[in-house]
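Peer 1: Quick note, the sequence shown lines up with residues 38 to 1003 if you use the numbering used here.
Cβ atoms here follow ideal geometry from the backbone N, Cα and C, with glycine treated the same way.
Before I ask anything, let me first share the structure, which is written out below as structure tokens.
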Amino acid sequence: TSPLKDASSPYHLLFSLTETVMDTRTATAELGWISFPANGWEEVSGYDENLNTIRTYQVCNVFEPSQNNWLLTTYVDRRAAQRIYVEIRFTVRDCASIPSVLGSCKETFNLYYLETDRSMSDGIKGVDTIAADESFSQVDFGGRLMKVNTEVRSFGPLSKGRGFYLAFQDLGACMSLLAVRVFYKKCPSVVQNFAFFPETLTGAESTSLVIARGSCIQNAEEVDVPIKLYCNGDGEWMVPIGSCSCKSGYEPDNGNVCRACPQGTFKSSQGAGVCQQCPLNSRSTIEAATLCGCRNGYYRGDMDKPEDMCTSVPSAPRNLVSVVNQTSVLLEWHTPRDTGHREDLSYNILCRRCHSNERRACQPCDDSVLFLPGKRALKDNTVEISKLRAHTSYTFDIQAVNGVSNKSPYPAQQLSINITTNQAAPSVVPIMHQVSSTSRSFSLSWPPPEQPNGIILDYEIRYYDKSQSSVLNSSVIQSETPNVILEGLRPGTGYAVQVRARTVAGFGSYSKEMLFQTLTDGKWLDYKSELGQQLSLIAGSLVGGVCIVSIVAIAIICSRIKGFFSPGVKIYIDPYTYEDPNEAVHEFAKEIESSCVKIEEVIGSGEFGEVYKGRLKPLGKKEILVAIKTLKVGYSERQRRDFLAEASIMGQFDQPNIIRLEGVVTKSRPTMIITEFMENGALDSFLRQNDGQFPVIQLVGMLRGIASGMRYLAEMSYVHRDLAARNILVNSNLVCKVSDFGLSRYLEDEDTSDPTYTSSLGGKIPVRWTAPEAIAYRKFTSASDVWSYGIVTWEVMSYGERPYWDMSNQDVINAIEQDFRLPAPMDCPVVLHQLMLDCWQKDRNARPKFHDIVSMLDKMIRNPASLKAGTNNIGLGPPHHPLLDRGAPDLSRVSSVEDWLTALKMSQYRDSFLLSGFNSLPLVTQITAEDLQRIGVLLAGHQKKILTSVQSMRPNADDQSPTESV
């Protein structure tokens, strides 16, 4: 078994398991393997190093030449395993210790396997040539002194039959096979995140990840779906996706059992919480209770939480007093002695009108009765009731209620009082209307008082000439109806008029003064036309005024919009300026329901957690592929702030060459940032995988997209600080988009283990991509981003080569200070390398702006002839700088084909070269493009690099360009 690597790591969850399908150590009889020829391998009984009896096979025909001895095992059932491991324990005699060896002595043997369905057939496959770590040569009194070697090999994928044979080939060794154990690996059954995962066989390759679907354990329910684990090639579980949690009424126990809450406790919700003791005045008499029931006389309100105590209804209010004022009454009372242990006490007022001369039941009050501040849910201990009838008996009930009064089967406790109203005069007439007018009279009307408080006997009208008299010299007339005609008036005069009503209780108050005008003498016939002209004039004035106001408002808005979008205005807002980072997230990023997000597979890992490929299905919209960044479990508040800050930044950008933010998930776990999905991943790895596959003009097009995105950021006054090919993403249409807007966290945190972001000067800076003033003085500007863009251009033209190769960060800083600049990559156009050098000007003010760079690249694209391949070393610094030779591999110390391929960074073709017969440098110098095709070097860029090197190694190299042969 393989031990747990890190018990706290989310990637390695349990010990792996091995399942043995053959083990010669347990054999008690002859193994019966087939040996060919007969005088080759021999089965014998022997002892291992612990003197245990074992069955072994040995061979030692070292005194005879041309040995080829085969040993074939019995049939081995693979039991559905796709990858098999073979552990071999053996001893080998040192050839140098064997005197008079006539043959070709070996100290190695070969291992093969044959897939079959019990019938022998062609198709035997080699696994490996196995050499001994130690051989023996000494002899003591007990015979040879054994030195036991143990080697493990694996092979796969297996799919053709139910099993296989193993074959051992000896080509002239003196050795013994002490034991052979054949096994496969599997991930054990496990309970993780309250989900059960069955035993799972590993995949066909050592790097394979096999998905195992999980199911919730007993008394647990799904939280995130799908629930799955990945079984890696070592038989270890890793990368959990989805989870379950204990149901309500059950609490987690040791992380893999959901235990029922005992009596007297409860758990109201699904999740990681534990059972709680029942609150005061409640109890639970069963196990797995989700709620504690209230004891008799106690209740839980509609808005109460399960963990809140049970409470009771309040007692009645106390000490109710009343003050009657004509047809109004003021009621006051004291708080109940018992509030039921709640703070949501309120009062309801019930009003009933009773007839003193009749014995019938009281009736509810009319809707016209006014309660101030109200009659329901009063918080204060006082209420004023008005618009009651005069000389009428009323009963008022004051109810005390709280949040559980509606739960009690009994009516609310209340306190009652009886009052009788006094006689009252009518209320004020609210308004008067002019019906008609002449030069000597006008007609008026008005509505009755809102509160007549009895029968209206008549109305009194008071009026006077507003220009010559005062209210002291007014005239008074009566009217039994709510209208009147005032006559004998002066022409063209304004009159102030008031009116009041009278009942048996007397007059009410006068209404407010209102001014009415008689017509000018002789002009009353023109009243209608004059009025129409006035109305037309007023309407025209109003329309004109509205138009003027509208024009001014539009002008102001346009000027503000123009100022807002005018060049030089900073639009980008730093989320770290917000006191609450959640405010910035909610302002710039769309909140997405977690139910709309479906996680499918892991595609990488970031600083804060895993990165997944998934799907987003917004309501009413089409489903799209997305990338999902997650915040790992156990994060700190600062980590959450930094994680969401990137979304707050990204959400402010909207440009085709900037990665698009789809939204965030912050209201559920895990916290997620969701962006558009870029099929080809990071630019640096994409270029390395497609070395030499793109024409120069296509690379320039990719660079133009990056520059366009950076121009947009510069116009928004945003400085990226970490522009590098690893932070450029490529979609299926080869569109490049700038991403990763989180370097501000690197600049704040001084502790790092990533050499990319480490500077000996302190802090986290991507040294190889950063301008010298930013390294020395932390002066980050758009000009420092331009320096980084020059490095990105070098990365693109070199197909993902590491800038400054294997130099240390301090060596890079020193070299730049000495005016060293990176040389042009192979076949890089002169104009592009000159653009790089312009970006690497020491004076940041001398560097081009991003809008200049976009214009330069547009000219190159329109004029492809300017992209003619060449090398430009102008401005690289001292003429014989030692770093100038780093662009080509150093072949001076190459002594073998393997060394040569390693120097070219083409070591992946080592076996192909050797198996094809190119096992020496002289043979390599004769290689052709057709040979490379036959060997398996199919990428044009790799062919070109190899043939260029071959051309330089030939003693009498001709003038033929290696690209011509390609």
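With a threshold of 8 Å, are at least 3 pairs of Cβ atoms found where one atom belongs to the stretch 653-668 and the other to the stretch 702-709?
Peer 2: Enough Cβ pairs lie closer than 8 Å, so yes.
Peer 1: Grouping DSSP H, G and I as helix and E and B as strand, with all else coil, what is Gln1011?
Peer 2: For residue 1011 there is no data in the structure shown, the boundaries of the chain being 38 and 1003.
Peer 1: Run through the DSSP bridge pairs and tell me what Ser285 is partnered with.
Peer 2: Note: Ser285 sits in no beta bridge, so no partner.
Peer 1: If you draw a straight line from the alpha carbon of Ser285 to that of Pro343, how long is it in whole angstroms?
Peer 2: Distance between the alpha carbons of Ser285 and Pro343: 12 Å.
Peer 1: Alpha carbon to alpha carbon, what distance is there between Arg337 and Thr348?
Peer 2: Near 6 Å, if we compare the C-alpha coordinates of Arg337 and Thr348.
Peer 1: Grab me the residues of Thr432's own chain with a C-beta within less than 7 Å of its C-beta, minus the 5 sequence neighbours each way, in chain order.
Peer 2: Around Thr432: Arg389, Cys391, Cys399, Ser453 and Asn455.
Peer 1: By DSSP, does Gly837 sit in helix, in strand, or in coil?
Peer 2: Looking at Gly837 - three-state DSSP - the assignment turns out to be coil, as it is neither helix nor strand.
Peer 1: Classify Met340: buried if its beta carbon has 16 or more other beta carbons within 10 angstroms, exposed otherwise.
Peer 2: Met340 should be labelled exposed.
Peer 1: For Val639 versus Leu653, is the C-beta spacing smaller than 8 Å?
Peer 2: It is not a contact, given that the beta carbons lie outside the stated cut-off.
Peer 1: Can you name the residues that DSSP bridges to Gly700?
Peer 2: Gly700 pairs with Ile711.
Peer 1: Cα separation between Ile254 and His623?
Peer 2: Those two C-alpha atoms are separated by around 37 Å.
Peer 1: Can you grab the Cα-Cα spacing for the pair Arg130 / Asn98, in whole Å?
Peer 2: One C-alpha to the other measures close to 12 Å.
Peer 1: Which residues in the same chain as Glu79 place their Cβ atom closer than 8 Å to its Cβ, once the five residues preceding and following it in sequence are excluded?
Peer 2: Cβ within range, chain order: Ser72, Tyr94, Gln95 and Val96.
Peer 1: Kindly list the residues whose CB is nearer than 7 Å to the CB of Thr962, restricted to its own chain and excluding five residues on each side of it in sequence; keep chain order.
Peer 2: Same-chain partners within the cutoff: Val987, Met990 and Arg991.
Peer 1: CB-CB under 6 Å to Cys211, same chain, minus the five flanking residues each way: which ones, in chain order?
Peer 2: Cβ neighbours of Cys211 beyond the five flanking positions: Cys97, Val99 and Arg130.
Peer 1: If we require 4 or more residues per run, which alpha helix (DSSP H) segments fall completely within the stretch 630-687?
Peer 2: Taking only runs of at least 4 residues, the alpha helix (DSSP H) segments lying wholly in the stretch 630-687 are 674-687.
Peer 1: Label Trp824 either buried or exposed according to how many other C-beta atoms from any shown protein chain fall within 10 Å of its C-beta, with 16 as the threshold for buried.
Peer 2: When all chains shown are included, Trp824 counts as buried.
Peer 1: Straight-line CA distance for Lys222 to Val867?
Peer 2: So the two alpha carbons sit approximately 56 Å from each other.
Peer 1: In three-state terms, what does DSSP make of Trp831?
Peer 2: In this structure, Trp831 counts as helix in the three-state DSSP scheme.
Peer 1: Tell me the DSSP bridge mates of Tyr447?
Peer 2: DSSP lists no partner for Tyr447.
Peer 1: Can you list, in chain order, the residues of its chain with a C-beta nearer than 6 Å to that of Ser245? Leave out the 5 residues immediately preceding and following it.
Peer 2: Same-chain partners within the cutoff: Gly270.
Peer 1: Which class does Glu624 belong to by DSSP, given the choice of helix, strand or coil?
Peer 2: Here Glu624 sits in helix by DSSP.
Peer 1: Taking Ser191 as the reference, which of Glu242, Ser722 and Pro235 has the closest Cα?
Peer 2: When only C-alpha atoms are compared, the closest one is Glu242.
Peer 1: Going by C-alpha distance, which of Val663, Asn619 and Ile695 is nearest Gln676?
Peer 2: For the residues Val663, Asn619 and Ile695, the minimum Cα distance to Gln676 belongs to Asn619.
Peer 1: Apart from the five residues just before and just after Ala762, which ones in its own chain have a Cβ nearer than 6 Å to its Cβ?
Peer 2: Leu720, Asp721, Val829 and Glu832.
Peer 1: I believe Ser305 touches Thr327 by the beta-carbon criterion, under 8 Å. Please report the beta-carbon distance rounded to the nearest angstrom.
Peer 2: Ser305 to Thr327, Cβ: 6 Å. Contact.
Peer 1: What's the gap between the Cα of Cys298 and the Cα of Glu324?
Peer 2: Going from the Cα of Cys298 to the Cα of Glu324 covers about 5 Å.
Peer 1: Which of the three DSSP states is assigned to Val465 in this structure?
Peer 2: Coil at Val465, not helix or strand.
Peer 1: For Gln451, which residues from the same chain have a beta carbon less than 8 Å from its beta carbon, with the 5 sequence-adjacent residues on both sides left out?
Peer 2: Answer for Gln451: Ala353, Pro354, Leu387, Asp434, Ile435, Gln436 and Ala437, listed in chain order.
Peer 1: According to DSSP, is Leu904 helix, strand or coil?
Peer 2: DSSP places Leu904 in helix when its eight states are reduced to three.
Peer 1: Taking only the alpha-carbon atoms, compute the straight-line gap between Pro401 and His371 and give it to the nearest angstrom.
Peer 2: Taking the straight line from one Cα to the other gives about 25 Å.
Peer 1: The alpha helix (DSSP H) that contains Met873, what's its start and end?
Peer 2: Where Met873 is concerned, the enclosing alpha helix (DSSP H) stretches over Val867 to Cys876.
Peer 1: Going by DSSP, name the residue or residues bridged to Ala7.
Peer 2: Only positions 38 to 1003 of the chain appear in this structure, which leaves residue 7 out of reach.
Peer 1: Do three or more CB pairs link the stretch 413-426 to the stretch 441-449 at distances below 8 Å?
Peer 2: Result no; under three Cβ-Cβ pairs closer than 8 Å.
Peer 1: Pairs of beta-carbons, one from the stretch 254-266 and one from the stretch 222-241, closer than 8 Å: are there three or more?
Peer 2: Yes: at least three Cβ pairs fall under 8 Å.
Peer 1: According to DSSP, which residues form a beta bridge with Asn362?
Peer 2: DSSP output for Asn362 lists Ser365 as bridge partner(s).
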